[in-house]
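Report on one structure; see the data block that follows.
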Amino acid sequence: MHGISFADALQNYWILAVGHGKGAAGHAASGGAVNDPRRRAPRLRLVVAIETDTDGVHAVEVETPRLRDGFTAAVRSMDTDVLTAPGGLEALRGVLHDRAREVLGEDAPRTILITDFITT
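Numbering (my numbering), first residue to last: 103 to 222.
In structure tokens, the structure reads:
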């Protein structure tokens, strides 16, 4: 199996900006007005690259919408405390790898690389 080159990896990444927290973005948690700017849910900006063999590059390109959808759902299902805990990055990587396997097949994604992880 061959890894994709760094240039190929850069062609197969995406940014997910996902609202995350007790209240969805634009919705207040209990006790505040919906449009109260002080009640904004935390946000996560995530850049992910999938390492695969050369045959898998085309599959990643074709399945990018399904991968993004699955990754977004996976991140939104995780608790903020888990994401920001010391082992949170590894937990997130595992969840994303599982989702990629669901979409691409068991052997297609070799590694999930989290190149940016920014919470605001």
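Backbone N, C-alpha and C define an ideal beta-carbon position, used for all residues, glycine too.
Please read these numbers as outputs of a predicted model, since none were measured by experiment.
Query                                                                                                          : Result
Presumed contact (8 Å Cβ cut-off) between isoleucine 152 and isoleucine 216, rounded CB distance               : Rounded, the Cβ-Cβ distance is 11 Å, inconsistent with contact.
DSSP state of histidine 165 mapped onto helix, strand, coil                                                    : Reading the sequence as shown, one finds glutamate at residue 165 and not histidine. Reduced to three states, the DSSP call for glutamate 165 is coil.
Element boundaries [alpha helix (DSSP H), containing glutamate 204]                                            : 190 to 206
Classification of proline 211 by the beta-carbon crowding that lies within 10 angstroms, buried from 16 upward : buried
Any 3 or more C-beta pairs closer than 8 Å across the segment 160 to 173 and the segment 188 to 196            : no
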